[in-house]
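In this note's numbering, the protein residues as written are -5 to 90. Only one structure is covered here, and it is reproduced in the block below.
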């Protein structure tokens, strides 16, 4: 195995970015010692959508938010997630 080069110190992020853009990182890092890392606090990507609901349904949802003590958008996301997971589970169970 080749001896690794010492990584230089940088005065700024821009200087470091310029360095790594023009140098091969394999000369400075031993990938065989790398290990998988999980970043549990990363939020999943979210996409904004526009959803038209009947006023009566929205009023019912808002009434439920008092019971659950959460904003109605968060409660709606929770309900959607639970239903989608249930549907996917049922579909998987029927396929078996």
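Glycine residues also receive a C-beta, built at the ideal position from the N, C-alpha and C atoms.
Among the residues of its own chain, which have a CB less than 6 Å from the CB of residue i, if the five just before and after it don't count?
i: residue 49; result: none
Over what stretch of residues does the alpha helix (DSSP H) that includes residue i continue unbroken?
i: residue 12; result: 7 to 16
i: residue 50; result: 49 to 62
Apart from the five residues just before and just after residue i, which ones in its own chain have a Cβ nearer than 7 Å to its Cβ?
i: residue 22; result: -2, -1, 1
i: residue 62; result: 69
Pick from the options: whose alpha carbon is nearest that of residue i?
i: residue 70; options: 51, 87, 81, 83; result: 51
i: residue 43; options: 67, 78, 86; result: 67
i: residue -4; options: 5, 12, 26; result: 26
i: residue 74; options: 20, 86, 45; result: 45
How about residue i: is its Cβ closer than 7 Å to a heavy atom in the ligand ADP?
i: residue 48; result: No copy of the ligand ADP appears in this structure; indeed no ligand is present at all.
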